[in-house]
Each structure stands twice: as C-alpha cells, then as structure tokens.
Amino acid sequence: MADPFSAGLLMVLETVLERVLLGLFDVVHKGAKDKKRQRELTRPGPLVERVSSELARGELSAVEQHEWQAAVDAVRESIEAALPLRPEEALRVMLTPESLRAHVLSRSEQIRRAAGLSEQATAVYDALLLRVCVAVVELVWSQPEYARRLSVEMYRMGRATADAVTRLADQQQLALTAAHRDFEDRYADQVAHALGGLELFGVSRGRAPRRQSFDTSYVSLAVARVGDTDELTGAGLPVAAALADTPRVLIRGGAGAGKTTFLRWLAMNALGETRTSGDEWLGLVPFFVPLRQYTSLPKPEEFISPTASMIEEEKPSGWVTARLKEGRALVLVDGVDELVWERRAEARLWLEKLVNAYPDARYAITTRPAAVPEDWLEDVGFSAFDLLPLSDKGVRDFVEAWHTAARDEPGLTRDARVWLTECEARLVTTLAKRPDLRRLASSPLLAGLLCALHQDRNMHLPRDRRSLYEAALDLLLVRWDEDRGLALPSFSKEEQLVLLQRFAYSLVRNRELMVPREEAVHRLGNAMRGLRSHDIDPDEAMQRLLERAGLLREVASERVQFVHRTFRDYLAAKEVVDAGDLNLLVDRAHLDEWHDVVVMAVAHARPRERARVLMDLLAGNDDTRKDERGRDKLRLLALACLDQADVIEPETARAQVTAAAAALIPPKSFAHADALSEAGSFVVDLLPGPEAAGEAAYIVRTLANIGGEAAWERIAEFVAVDHAMVIDELLRAWRNTPDAEKYAKSVLSKVDFGDRRVDVRGWHRIQFIMHLEKLRYVRCIGNINPLDPLGAMPSLHRLELWQNEVMRDLSPLAGSRSLKELHLSRCRPLGRIDLSPVRDLDELHLHFSRVELESLEGGALRRLQIRDSATDEGLDALPGLPALRELAIDHRPPYPLAGLERWPTITTLEVFGVPSADDLRVLPALEHLVVHQPESLARLDELRPALPGVRVTS
Numbered sequence: 025m026a027d028p029f030s031a032g033l034l035m036v037l038e039t040v041l042e043r044v045l046l047g048l049f050d051v052v053h054k055g056a057k058d059k060k061r062q063r064e065l066t067r068p069g070p071l072v073e074r075v076s077s078e079l080a081r082g083e084l085s086a087v088e089q090h091e092w093q094a095a096v097d098a099v100r101e102s103i104e105a106a107l108p109l110r111p112e113e114a115l116r117v118m119l120t121p122e123s124l125r126a127h128v129l130s131r132s133e134q135i136r137r138a139a140g141l142s143e144q145a146t147a148v149y150d151a152l153l154l155r156v157c158v159a160v161v162e163l164v165w166s167q168p169e170y171a172r173r174l175s176v177e178m179y180r181m182g183r184a185t186a187d188a189v190t191r192l193a194d195q196q197q198l199a200l201t202a203a204h205r206d207f208e209d210r211y212a213d214q215v216a217h218a219l220g221g222l223e224l225f226g227v228s229r230g231r232a233p234r235r236q237s238f239d240t241s242y243v244s245l246a247v248a249r250v251g252d253t254d255e256l257t258g259a260g261l262p263v264a265a266a267l268a269d270t271p272r273v274l275i276r277g278g279a280g281a282g283k284t285t286f287l288r289w290l291a292m293n294a295l296g297e298t299r300t301s302g303d304e305w306l307g308l309v310p311f312f313v314p315l316r317q318y319t320s321l322p323k324p325e326e327f328i329s330p331t332a333s334m335i336e337e338e339k340p341s342g343w344v345t346a347r348l349k350e351g352r353a354l355v356l357v358d359g360v361d362e363l364v365w366e367r368r369a370e371a372r373l374w375l376e377k378l379v380n381a382y383p384d385a386r387y388a389i390t391t392r393p394a395a396v397p398e399d400w401l402e403d404v405g406f407s408a409f410d411l412l413p414l415s416d417k418g419v420r421d422f423v424e425a426w427h428t429a430a431r432d433e434p435g436l437t438r439d440a441r442v443w444l445t446e447c448e449a450r451l452v453t454t455l456a457k458r459p460d461l462r463r464l465a466s467s468p469l470l471a472g473l474l475c476a477l478h479q480d481r482n483m484h485l486p487r488d489r490r491s492l493y494e495a496a497l498d499l500l501l502v503r504w505d506e507d508r509g510l511a512l513p514s515f516s517k518e519e520q521l522v523l524l525q526r527f528a529y530s531l532v533r534n535r536e537l538m539v540p541r542e543e544a545v546h547r548l549g550n551a552m553r554g555l556r557s558h559d560i561d562p563d564e565a566m567q568r569l570l571e572r573a574g575l576l577r578e579v580a581s582e583r584v585q586f587v588h589r590t591f592r593d594y595l596a597a598k599e600v601v602d603a604g605d606l607n608l609l610v611d612r613a614h615l616d617e618w619h620d621v622v623v624m625a626v627a628h629a630r631p632r633e634r635a636r637v638l639m640d641l642l643a644g645n646d647d648t649r650k651d652e653r654g655r656d657k658l659r660l661l662a663l664a665c666l667d668q669a670d671v672i673e674p675e676t677a678r679a680q681v682t683a684a685a686a687a688l689i690p691p692k693s694f695a696h697a698d699a700l701s702e703a704g705s706f707v708v709d710l711l712p713g714p715e716a717a718g719e720a721a722y723i724v725r726t727l728a729n730i731g732g733e734a735a736w737e738r739i740a741e742f743v744a745v746d747h748a749m750v751i752d753e754l755l756r757a758w759r760n761t762p763d764a765e766k767y768a769k770s771v772l773s774k775v776d777f778g779d780r781r782v783d784v785r786g787w788h789r790i791q792f793i794m795h796l797e798k799l800r801y802v803r804c805i806g807n808i809n810p811l812d813p814l815g816a817m818p819s820l821h822r823l824e825l826w827q828n829e830v831m832r833d834l835s836p837l838a839g840s841r842s843l844k845e846l847h848l849s850r851c852r853p854l855g856r857i858d859l860s861p862v863r864d865l866d867e868l869h870l871h872f873s874r875v876e877l878e879s880l881e882g883g884a885l886r887r888l889q890i891r892d893s894a895t896d897e898g899l900d901a902l903p904g905l906p907a908l909r910e911l912a913i914d915h916r917p918p919y920p921l922a923g924l925e926r927w928p929t930i931t932t933l934e935v936f937g938v939p940s941a942d943d944l945r946v947l948p949a950l951e952h953l954v955v956h957q958p959e960s961l962a963r964l965d966e967l968r969p970a971l972p973g974v975r976v977t978s
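Residue numbering for the sequence shown follows my numbering, starting at 25 and increasing by one per position.
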C-alpha cells in the first residue's frame, strides 16, 4: 500500500492548491493573467515528492486506513472553509505556516467537532495540516510576485509595532503612500524586464541571443574578503552570506569575471525573481547605476533612468530619495573602472556624499582591481571583496549550464541534443587534463567562448587567449551564417574585421565605452577607407554589424557599444599594430584601461615589433620615468606580454624582460602578484620561499595563479607561515587545484589555523575537510548534508551552520570528541532538527532555525543562546537543562522573562533591553547580567542597586 501520509498530502494539495494560490495570485499580483505561471503553481507533484521524502511517520505508522481517510477529509474541508482569503487578510495569513494554520483552525472548529476524529486520527490531522501549511507557504514564498509583496507587507507591519516606532521614529513620516506603492510595482516590472536573465555566449546560433533564466543558467560566484583579517574566506564565501551583514561592499573582479551580471543577479534577488532570493534581499528596491551610461554622475532621482526610462515621467516626486532614506534601497553602481582615470576621484567624492546623505541604504560597487586601491572607500565603511575565479566545480557547473541551455534551443533534433551531451562530457574531460585551458576558463566570459568553440570546432579547442578570440571572431562573423545557410554579407570577413578594429580603436583612443549611434555611424564611414566595399552606406553597415556580427549592441538612448569590453580591447590592439601606432601604445601603457590592449598588441605584433614594444616598456614612457612605481608597473606589463609572445626577435629581448622581472620578485602586492603570474610558469623558479615572510601571501597567490605541478609543490613550502593572509591564500589556492583531496591531505593538513574561523561552502570541498587536522573553527554556509566529514574532523572545536535547508540529522556530530560549540543560524529544513545528538555540548546557539527544543531535555549544556519562534512569547518552550550556567536571550524587548526560576543554576544572563529586577531575583546563583542595547543608561543605573551582588554590564 502507498504511504498513506503522502497519499493524503497529495490529495489535500491537489484539492486546495488551485483555490489557495490562484486566489492569492489575484490578490497579490492584481489580477494578472499569466496562465503559464498559474499552471506551474497548481502542480503539486514535485512539492509532494519533496515533502514526502522528508516525512518520518514514527508513531503514526500504525494508524488504520479509514482513520487516515477521515483525517484527510477533515483537513481538506478545514482548508476549504478558510477560503477564500479576503484581500486585506491574504498577505497577513500567508506570512508563516503558523499564521496560515492558525487561520485555518479559527475557521474550522465546527468541522473538526463534526468529524469526530479519534485520538490517532487527530494526530494525523494535526501533522497533515502542518505539512500542508508549510508546503503552501513555502511555495507561495518561492513565487517572485508573492515573495516580494509579502516581504514589503512584513516591512510595513513591522514598522507599525512599538519596537519599530522606537527604532525608526525619524522614518515614520516616510510611510509609503498609495502612489508610491503603485509606482514601486511598476518600477519592479521594468527592472525585471531590463535586467532579468543573462546571456550565455554562443548558445543561440543567431545574433540576438536569448536570455537564459538566472535560476537555471547562473553559476553563483564566490567572493573572498580583501585584506588582513582573521576571517579566512579564501576558500570562497557565498555572496548572500558575505553581503548579508555588510551593507556597503566594493566588489573587485577582472575582465570577464561577471561583475555586471553579478549586479543584475543581485537586483533580481531583491525583487524575488530568483529561487535563491533570501530574506535579506526581499523587499529591497534595486537601483542599477551603470556609470558608463551617464555623461555626468547622476543624482538619486536619476537612478531609474537606465532600467525604467519609459515610466520615468510617472515617478512620484522624491520617490527614489524616500527609498534611500528608509533603508530599502539597494544601490548597484557598475563599472568604476570604466570611468577615465581623472573622473574616478570625482566618483569617489560622489559616493562619499551619497553614503553620507543616505547611510541606511545598501551599496554594492564593482570595479577592476587595478582601477582603484582596495581601501578606496574604506573610510566610509565599505568592505572590499574579490570575485573569485571559477573553481574547478564552478567551471563544471558553467559547462553544464551552457550545454543545458544549448539543448533547450528551439528546433534541435534529438540527435543534435545527444551530440551536445557528448560535447559536454568531452569538454569537462579535456579541461581536467589541460591546465592551460582550465586557466582560460576561469571567467564566465571565456568559459562561454570555450563552450561555443568546442561545439563549433568538433570538440577541438585553441591553446591560448589570442587564438581563442580569433576563433570566436571567425565563428561570429562568418561561420554561423554559413552553417545556417544565410546569405553572406556584401563585405568580407576581412572588411568586417577592419571596420570593427577601427571603431574599437577610436573608442579606446578617446577613452570611451559607448557612443551615440549617429557618432558610431560617422566613425564607421571614416573607417571604410581602403575597403573594396567602401561605397556601402555606413548606416546600413552599422545595422548589419548590430544584427549579424554579435559583437556590437545598441543600448539605452540609441548608444552603441561592444558586447564586452574584452572584445573592444582585442580588436583595438589589432588595429594599433596594423596602423603602426606602437609609439602611442607605449605612451598610454601606464593607464590601466590600456593594459589588455598592450598585451594583445604584443600578441598580434610581428617578432621585431614585439621586441621593440618590450624594450620601450622597460625604458618607461614620459609619465613614468620619474615615477619608480610607474616604471615597475610597465616592467610587470612587459612580463605579462611574454606569455603572448612565442617568437621574439632578437631573442635577447626576452632575456632582458626576464632580468627586469627578477628585480620585481618577490611581488609586493596582490596586484603585482596577479601581473607577475601572467608571465607563465618560468616565474615559479624565480620566486623565493617562506623566508620572504613579508611577501609570502603574494608569492602564494602568484604560484596558485600559475598552477601546474611545480607551482603546487612550491605552495606546500608555505604551510608553516603563521599569518592570516598567507593561510587565506592557501585556502584560496584550494579552489583552483585540480585535486582537492590531494591538496587537503598534502598542504592544508599541515596548516595550523589557530583560533581563526574558516568559511567553507560546497560539498566538493567539505567532503575532504576532515584532512584539515589542525582546524578548530569552521563556518559552513549553504546546504550541506550529511555532516559526516565535519564530525570526523579531529580538532573541530566550534562549528557554525548557516542557511542550511536540507540538513536535519545532527547525529554525525555526536561522535566528535573535540566539538564543544555549535551554532545553527537560519537552518530551516522541512521538519524540525532533532537536537538530542548535541545536547551535551558545552555551548549551543540557535537563531531563526527550525528545531525541536524539547529534544534538549536533560542535556549537559552549559551555555545556550537563542532566538527562536517557539520562544517568541516566553521561555515555556525551553526544556529542563540541569547544567545550564549561561543563558543569552536574543529576542528584542519588550520580552517576558517569566519562568527563569526553572534554571536556578544560571550564573550569567544576557538580554536585550533593561529587564525588571523582580524577574531576576528568582535566579539565586546569578553573578553577571549583560544588557545589550539598553533603552537608557539611567534605567540601567536604577537596576544596579536593586540587584546587589550582581555585576551589571552593557
């Protein structure tokens, strides 16, 4: 017989989902007629499968079939009696499973009495109703329209409470008006249309690539904190965790690292348009501010122009500044590096003024690392993070996402889809065997190029970056039209390349990323000199390049730009060489926006031209001859060029560059380390060992970037260096090693982490974490299950599990002899977590997690810190803990402390807000009271004499 619990759940869900969700759809989405979304919402199969797989029937296994049926019928009738939801109550009822369950029970008392359920059937009724409420609310929250409106409603409800009045008194006059709410909905739709989805290079065999869903195609990037800190994030920190407690962040990433896509993804998370949207984002209003699109730095009310220009005239006066003032604005500033050098100081001052004017808003800013120093905005509270290169698993995930999107293209035959599956498997194998290609795939842009070319070239790939771009241009300009049987353009591939080169060079020379279409057409006309097809109308040529070439795009306000800056720089470099402008190249080489142009120009140049450029770089230009740091920058640039120059004439030029580089070893910064590593594997033998303690972190970064067996062997020399930055770089190298287990055993097992916290995410690394023999303090973020590798760690003392929605079994931790302290934060699986395996730890922290508090009964816990929904109204849900010495209650005042007498052993109590002395006199052993955020110091002073013998601190 099928599991009656699952069968009953399916029956109830099939009956009520349509009525519950479609009714709510109309309430929340204002009657939208999205039939596809409505169909998706009312298919309970996958949801039932998920819920059923989590159920543990236990004592209900003996219930007779007729008892099950009676309970199922009663639940179905109870929910139907609670419908329909009125518009004014729908949002409130759907806030939590508990609020939905309470609403159903309040409307179905007569039905339950009439059903005459036995004790066993009542138990089934209660369990089944709870599961239905959990399932329905979780499904509701997973839908973008519902999630966003629900979170905004929560925000409004929260501000109506006394607590909100106290904390946000200055903001009460900013309550959203009806006009503001309506415009916010309109604006959210515009942003979702403008920023929703991402493009994967080469998936669509056309020139207008389809946008792919963030949910299915976005490979979430990891970040690492920049600078010297005891928080070791080098192994990669999930973005949500990094930014959750950091309202101002500077995100640094190299060319093609995915910075702009990352900000678009953040915007979609804020709107609730992705399945990964977390509570920390929902309800924020995103403002995407691409600096390249503004001729002057924008004022706040101009923030909506790039994404919602069509409704700009509808905006209520002061709408953007209202969102900034109330702290619901998420300001996403893209491309500081795309401003010319002289304007970056202006941008910094603009950002300082913006943050000072609106300190409660959240800010994320992107730039290339070389454009600004890492402490560029440190004095106004910004934390710097690096977007990490795709790890081995990240590359595999990207390859899978790319080929999944390719298989979903319309019109493909079954054989074509099978062949794409074979392509995917072959590419993953090839990347694993060829470290040179694996390094090329470290950014999403280049990984997409590799996927497209691997498919187009019958599973054969170019070996270096120049060849990669050459093959990509051939694919875009000729091959796709030939393969699809389209008429070839009236001008040849060579003519198209010359036009694009000359246009790209005009942009680089004028320090531009985009120009108005009229100006672009004018420049294209000038670029036609010498072409066989010089009589083609420039406007027609521009339209052809926009439609078919796949390298240019038209953006807001009829402005033209390259689809990615790297294509602009590659083509401009080719034109520099063809035009013989090598002197200008060297004169501009000290400007960071010319870095990639210089490197690619050396790749394009003939052997003697390469030697000339390299010698001129070593000699320096007019701007660097009196600047030692500027000269070093050009020497490092010359070194980076060597990797693109297989042939140099005379060969002595190579030796001179190498000798000049030796004077720059060891690297003195991470920027130098990144530049040095571009020179290739010959640098490995020039680098010193751990005796260069001050530069050890930069040396490890250089070696990890270079990769290869020799580099990994050198990295192992640094395991004894007891410095946080060095250890963080050793962890960062773990992401890029081809054999994560071998690296954990041979390198990280010897590292003494001390009491530093290591942040780790992803099963692909956590499965080997038991080899880190001296690691004491770990924070795991995201869905990790099972916990066996953590339980097997020989020295683990403190473990934090954050945002884990699949883990319910803590029993693997019970066997740990070293574990003393466990933190569970926002761990909310279906069902509740049994805490009995960890009830004898010294210390337990529970925050916003779905746990069975009663399973702690009789445990040997000495310290408990808690903020749990079960204790929202008081401490009655806490079990007996005979050894409890310290209790920290993280609920905000006003909060009832009745019941403290159940733990007479407490010596230290922590609370928020000043408590009543009468509530505390029931603790005979109390020695220390810690009051966080006291309402006033006067009240705290009044409390002290009322508690003689108790040390009161704040």
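Ideal Cβ placement from N, Cα and C applies to all residues, glycine included.
- Among the bridge pairs identified by DSSP, Met538 is matched with Gln585.
- Assigned with DSSP and collapsed to three states, Val364 falls in coil, not helix or strand.
- Contact between the region 573-591 and the region 600-614 is absent, with fewer than three C-beta pairs closer than 8 Å.
- Taking all protein chains in view, the Cβ of Arg137 is surrounded by fewer than 16 other Cβ atoms within 10 Å, so the residue is classified as exposed.
- Note that the region 858-870 touches the region 832-848; at least 3 beta-carbon pairs, one per stretch, sit closer than 8 Å.
- DSSP links Glu578 through a beta bridge to Val584.
- Between the beta-carbon of Lys598 and that of Gln520 there is about 13 Å, and that puts the pair past the 8 Å contact cut.
- For Arg386, the enclosing beta strand (DSSP E) covers residues 386-391.
- Ranking Ala838, Asp439, Arg916, Leu921 by CA distance to the CA of Gly883 puts Ala838 first.
- Rounded to the nearest whole angstrom, the CA to CA distance from Leu924 to Ala912 is 12 Å.
- With fewer than 16 other CB atoms across the displayed protein chains lying within 10 angstroms of its CB, Thr319 is exposed.
- In the DSSP annotation of this structure, the continuous segment of the beta strand (DSSP E) that includes Val935 starts and ends at 932-936.
- Looking at the backbone, the Cα of Gly732 and that of Pro762 are separated by about 9 Å.
- Considered as a whole, the region 725-813 harbours 733-739, 748-760, 764-770, 787-790 as its complete alpha helix (DSSP H) runs of no fewer than 4 residues, in chain order.
- By the neighbour-count definition (other C-beta atoms within 10 Å, threshold 16), His558 is an exposed residue.
- Taken atom to atom, the span from the alpha-carbon of Glu951 to that of Arg891 is near 23 Å.
- Proximity of the region 452-471 to the region 408-428 meets the contact definition, three or more beta-carbon pairs being nearer than 8 Å.
- Taking a contact as a CB-CB distance under 8 Å, the pair Leu523 and Leu501 does not count as one, their CB atoms being some 10 Å apart.
- Around the beta carbon of Lys283, a 10 Å sphere encloses 16 or more other beta carbons of the protein chains shown; the residue is thus reported as buried.
- Ala394 is not a Cβ neighbour of Ala728, given a cutoff of 7 Å.
- Under the DSSP assignment, Pro314 falls in the beta strand (DSSP E) whose first and last residues are 309-314.
- Contact between the region 662-673 and the region 360-373 is not established, with fewer than three Cβ pairs separated by less than 8 Å.
- Secondary structure at Phe694: helix, using DSSP grouped into helix, strand and coil.
- For His847, DSSP records a beta bridge to Glu824, His869.
- Cα atoms of His821 and Arg155: separation of roughly 36 Å, rounded to the nearest angstrom.
- For Thr345, the enclosing alpha helix (DSSP H) has its first and last residue at 343-350.
- The residues Glu876, Ser879, in chain order, have a CB closer than 6 Å to that of Asp858 in the same chain once the five nearest residues on each side in sequence are set aside.
- Excluding five sequence positions before and after Val954, the CB atoms of its chain that fall closer than 6 Å to its own CB belong to Glu934, Thr977, given in chain order.
- The beta carbon of Pro712 sits closer than 6 Å to the beta carbons of Pro690 from its chain, once the five residues preceding and following it are set aside; these are given in chain order.
- When DSSP reads this structure, Asp410 sits in a beta bridge with Ala248, Arg276.
- Pairing Glu582 with Ala369, the inter-Cα distance amounts to about 28 Å.
- Trp826 is the residue among Trp826, Ala748, Glu797, Leu754 whose C-alpha sits nearest the C-alpha of Gly786.
- In the DSSP annotation of this structure, Ile672 is not part of any alpha helix (DSSP H), being labelled neither H nor E.
- A distance below 7 Å between beta-carbons, with the five flanking residues on each side excluded, links Val263 to the following residues of its chain, in chain order: Ser244, Leu245, Val247.
- For the pair Ala371 and Val360, the CB atoms are nearer than the 7 Å cut-off.
- Around the beta carbon of Leu961, fewer than 16 other beta carbons lie within 10 angstroms, which makes this residue exposed.
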